[in-house]
Amino acid sequence: MSEYNFNQIEKKWQHYWEQNQTFKATAPSDKPKYYALDMFPYPSGAGLHVGHPLGYIASDIVSRYKRLKGFNVLHPMGFDAFGLPAEQYAIQTGQHPAITTEENITRYVEQLKNIGFSFDWEREVRTSDPGYYKWTQWIFMKLFNSYYNYTSGKAEPIENLVQEFETNGNSGVFAAMDEDTPTFTSDEWKEMSEQEKSVLLLKYRLTYVADAVVNWCPALGTVLANDEVVGGVSERGGYPVERKKMRQWMMRITAYAERLLQGLEEIDWPEPIKDMQRNWIGKSVGAELDFAVEASEEKIKVFTTRIDTIYGASFVVLAPEHELVEQITTSDQLDEVNAYVQVAKNRSERDRMTDVKTVTGVFTGAYAINPISQEKVQIWIADYVLAGYGTGAVMAVPGHDTRDYAFAKHFNLPIKEVVAGGNLEVEAYAAKEGRIINSEFLNGLSVKDAIKAGIAKAEELGVGKGRVQYRMRDAVFSRQRYWGEPVPVYFENDIPQLIQESKLPLELPKIDAYLPTETGEPPLGRAVDWKYNGQHEYELSTMPGWAGSSWYWYRYMDPQNDAAFADDDIIKYWRNVDLYIGGSEHATGHLLYSRFWNKFMFDLGLVPEHEPFKKLINQGMIQGRSNFVYRLKDSNTYVSFGLRDQYDTTQLHVDVNIVENDILDLEAFKNWRPENADAEFILEDGKYVCGVEIEKMSKSKYNVVNPDDIVAKQGADTLRMYEMFLGPLEQFKPWNTNGIDGVSKFLKKYWKLFHDNEGNFAVSDAKPTDEELKVLHKTIRKVEEDIERFSFNTSVSTFMICVNELTQFKTNKGAILEPLTIILAPYAPHITEEIWEKLGYTESISNAVFPQWNEAYLVESTFEYPVSINGKVRTKLSFALDAPREDMEKAVLADEQVIRFLEGKAPKKFIIVPGKIINVVA
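Read left to right, the sequence shown gives residues 1 to 922 (full-length UniProt numbering).
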């Protein structure tokens, strides 16, 4: 084959890799391991657009490079196959979600294989496969049978806790538990019924059922996570979401809050992602105080990090969902409070946290007593306080908090500022500014010492205690949907019990429709005779989407194992993921839950590492390049871009696939839509030029580019290199098909290096020149450094420069072109495989060894000196760096330009700075 026929070449090598299982990983191995992983995709019906493979190409380059460097590489791919879109389609059409999912996966696999990824397809996993979710259910069962022991700092079997209860009760237990857990003795424990014991143990288990305020989406018929709600509506579909208290399965992720924080210091992740997790976890050190409710036995618990401002607390605010609202609200305020609660509960937590401009609230009519100053203060409700954060109540100190201040100003409530101190100067300042001075024990102390003294005082008075608090709440682990993992639980006397492990997997039953039942139960309530051992009701909710993605990287290690989620020796070999590439939008969802499950599995001795992902890279988004046409109003005539200002036109998106270099294909436009069939055009220079704008890639903007089209027209290697060439991996960058020709031309130039003018393969055994060796080794070094620091766009530029220089040298020497082919292989695997075979090799280039660059070839032996005559550079001359001074002087004085500017004068000074400059003074 003399011509570079990329279609033939790429199909040939994709078939070869599949037939020979070129990228199959085996373990354990004597080689060092490298585990490169992409966040596995949800297979939507739309398939991939050119933005999706960006991260996959980067991880594939690293994987191929690491193989060439002698590593045993694990580079798998699978599918996060449960999800709402497939189920919504099932509701609309009656088609089982499994059918849609299978069709979508088939399409994704075809597209991914067309791009030439080095995935070990034998390891493919799908979260919807019962053979996979058997182990998701198994991990759930382990969580159910575990509690978190703060004393040992890890999860332990629930049996250990039961033994402690039987021996000593729970007064000495330091464990993660519900706040309303009662204290009991061993005798009291022994006197409890089995049902009472089961209820009590649910207060300690790492997964448990509880009433929780959740995001309920009636249209979707399910609970949504906070990150699935945007602007009060569902992220998928835009349906209204309301806050509602429901019985849910929960995961006690709060038990791991401190370890999740500390673990961030051990991993190489982008700092913004770490900050997002730190903020989500939200560690605060402060005090919990009891504000007594006047004329009531109730107490309001508030948490504050600034107990030293206690004398400035001028009112108390409860979350609208707070359990005491109904009890303390006075009769004259009841209607107004109820109306406010109804509105507030339908706002998402995100909206309530971020909306700092809108100030709303209602006075309950009740009063609280400041536990330190004994001052009586009003109790309000406001939606800027969240039931899910802290205690659901705050002591408002408007003099020291912007939201409290805005609230106080809006409702004309007292504003007091506190000044630490006690001397006359501070007192005078405070009086002048209308502030108050901290009373008694807080005067004269620094903020840090005042906080310590405040906590000590609260504990002395029995009205509070020091406490570390986290903003993060336990994670909701239920979805009232069909298409998800069944929870391996049945109910006996309303108490959840695990099914027998031998019964796993608990598979999804067949149902007649994918909607909730007429009585409001989840779709699984439609299953006929679906009961445990024929008598006990199963849990009817399914697990959330994040369940299967919270441990999947371990299943890739040993995907066919039916006896364990993965073999112990294999896990110890692969350990954890070395490189993880995916979107930053998963910061407080998937990435946080994965770290939680990983730490739990570590506690049980199931995995060898605390953290699942050593290095994380967030790839940027490839934005769409939208094109526009301009239609004359009330006509079917379209005006070219440069003439649009002369007419009254409407701008319309046009399909970018019928535009090339911003020139519209007129016939294709007429065939694009029926209404365009009789379109007329006002052209400029005989062409219709389209407008351009950079936007998000979207079907509605007609700017989605299918990678299949690029592969068919330009080749997969061109697509791979072009996506890397667009810019740094982490940055957002616009897709521009116009620029892809440069990469295509580069590959053709590279191909030509190996062929003569007649197209024959012609590589010589001649010895390379120093200049050729310098170009090669400079390229090897740059490419290696770039890949090691994940700077792929600069490598593509380096390859282009290298090939251009070798083309100028007319290089066809194997000693130069063979190493070049190896280092190019991770980027352009198909063309390099073909060249490798032509060079006489019978094995894949993946089995080659990445060449070592040699410093000796990079040392400059000559230097081009700027030559100045009387301080002005007049010419440049090259000399060996070790050239004798006398020889250099003679050559300079003999140069025509130097003779011309000396104008016959003899030089007074001759200055040579080695490796820098020559200066002649006449």
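In this text, a Cβ means the ideal position worked out from N, Cα and C, and glycines have one as well.
Quantities reported herein were computed from a predicted structural model and do not represent experimental measurements.
Checklist entry - Going by other Cβ atoms of all chains shown within 10 Å of its Cβ, with 16 needed for buried, is residue 410 buried or exposed? => result Residue 410 comes out exposed.
Checklist entry - Enumerated in chain order, which unbroken segments of the alpha helix (DSSP H) with a length of 4 residues or greater are wholly contained in the stretch 667-716? => result Annotation: the stretch 667-716 contains the following complete segments of the alpha helix (DSSP H) (minimum length 4 residues), in chain order: 707-714.
Checklist entry - Taking the alpha-carbon positions, what's the residue 567 to residue 132 distance? => result So the alpha carbons of these two residues sit roughly 15 Å apart.
Item to check | Alpha-carbon spacing of residue 382 relative to residue 361, whole angstroms | outcome: Roughly 4 Å between the two C-alpha positions.
Next on the checklist: So within the stretch 116-164, which uninterrupted beta strand (DSSP E) runs reach at least 3 residues, ignoring any that extend past its ends?
Outcome noted: Counting only runs of 3 or more residues that sit fully inside the stretch 116-164, the beta strand (DSSP E) segments are 146-149, 154-157, in chain order.
Checklist entry - Does DSSP put residue 586 in a helix, a strand or coil? => result DSSP places residue 586 within a helical segment (H, G or I) once states are collapsed to three.
Checklist entry - Out of curiosity, what's the CA-to-CA distance linking residue 762 and residue 816? => result Between the alpha carbons of residue 762 and residue 816 lies a gap of roughly 13 Å.
Item to check | Separation of residue 446 from residue 422, as counted between CA atoms | outcome: Residue placement at residue 422 is poorly supported in this model, since its pLDDT is 49, which falls under 50; the coordinates are not used for a value here.
Checklist entry - Taking the alpha-carbon positions, what's the residue 902 to residue 917 distance? => result Distance between the alpha carbons of residue 902 and residue 917: 17 Å.
Checklist entry - In the DSSP assignment, what residue or residues form a beta bridge with residue 216? => result Paired residues: 223, 242.
Item to check | Spatially closest choice to residue 359 from 15, 174, 378, 317, by CA coordinates | outcome: Measuring from the Cα of residue 359, the nearest candidate turns out to be 317.
Next on the checklist: For the alpha helix (DSSP H) containing residue 302, name the first residue and the last one.
Outcome noted: Boundaries around residue 302 are those of the beta strand (DSSP E), 299-304, since no alpha helix (DSSP H) includes it.
Item to check | Closest Cα partner of residue 310 within the set 450, 249, 264 | outcome: Nearest C-alpha to residue 310: 450.
Checklist entry - Using the C-alpha atoms, what's the distance from residue 386 back to residue 376? => result Straight-line spacing of the CA atoms in residue 376 and residue 386 works out to 23 Å.
Item to check | residue 68 and residue 850 closer than 8 Å at C-beta | outcome: Going by C-beta atoms, residue 68 is nearer than 8 Å to residue 850.
Item to check | Stretch-stretch touch, CB-based, cutoff 8 Å, three pairs: the stretch 635-644 with the stretch 177-186 | outcome: Counting C-beta pairs closer than 8 Å gives fewer than three between the stretch 635-644 and the stretch 177-186, which falls short of the contact rule.
Checklist entry - In three-state DSSP terms, what is residue 820? => result Residue 820: helix per DSSP, three-state reduction.
Next on the checklist: DSSP three-state label for residue 29, please.
Outcome noted: Coil, per DSSP.
Checklist entry - Expressed to the nearest angstrom, what Euclidean distance is found between the alpha-carbon atoms of residue 912 and residue 33? => result Answer to the nearest angstrom: the Cα atoms are 54 Å apart.
Checklist entry - Which class does residue 341 belong to by DSSP, given the choice of helix, strand or coil? => result Helix, per DSSP.
Checklist entry - Starting from residue 465 and walking both ways along the beta strand (DSSP E), at which residues does that stretch end? => result Counting along the chain, the beta strand (DSSP E) containing residue 465 begins and ends at 464-470.
Checklist entry - residue 112: buried (16+ other C-beta within 10 angstroms of its C-beta) or exposed? => result Sixteen is the threshold: when 16 or more other Cβ atoms of the shown chains lie within 10 Å of the Cβ of residue 112, as they do, the residue is buried.
Item to check | Sufficient close CB pairs (3 or more, under 8 Å) joining the stretch 81-101 to the stretch 602-619 | outcome: Three or more beta-carbon pairs separated by less than 8 Å are not found between the stretch 81-101 and the stretch 602-619, which leaves the two stretches without contact.
Checklist entry - Which of helix, strand or coil does DSSP assign to residue 748? => result Of the three classes helix, strand and coil, the one that applies to residue 748 here is helix, per DSSP.
Next on the checklist: Is the separation between the beta-carbon of residue 546 and that of residue 622 shorter than 8 Å?
Outcome noted: If you check the CB distance, residue 546 and residue 622 do not come in under 8 Å.
Item to check | Exposed unless 16 or more other CB atoms sit within 10 angstroms - verdict on residue 833 | outcome: Note on residue 833: 16 or more other CB atoms within 10 angstroms of its CB, so buried under the neighbour-count rule.
Item to check | Integer-rounded CB distance, given that residue 678 should sit under 8 Å from residue 636 | outcome: In this structure, residue 636 and residue 678 form a Cβ contact; the two beta carbons are roughly 6 Å apart against a cut-off of 8 Å.
Next on the checklist: Classify residue 21: buried if its beta carbon has 16 or more other beta carbons within 10 angstroms, exposed otherwise.
Outcome noted: Around the beta carbon of residue 21, fewer than 16 other beta carbons sit within 10 angstroms, so the residue counts as exposed.
Checklist entry - Taking the Cβ atom as the reference point for each residue, do residue 587 and residue 277 lie within a distance shorter than 8 Å? => result Contact: yes.
Next on the checklist: In the DSSP output, what is residue 801 paired with across the bridge?
Outcome noted: Answer is none; residue 801 lacks a bridge partner.
Item to check | Nearest-angstrom beta carbon gap, residue 465 and residue 459 [assumed within contact, 8 Å] | outcome: With 8 Å as the limit, residue 459 and residue 465 qualify as a contact, their Cβ atoms being about 5 Å apart.
Item to check | Selected residue, minimal CA-CA separation from residue 584, among 769, 616, 6 | outcome: Of the candidates 769, 616, 6, 616 places its Cα closest to the Cα of residue 584.
Item to check | Counted within 10 angstroms of its Cβ, other Cβ atoms place residue 52 as buried (16 or more) or exposed | outcome: Buried.
Checklist entry - With distances taken from CA atoms, which of 284, 552, 329 is nearest residue 576? => result That would be 552, whose Cα lies nearest to the Cα of residue 576.
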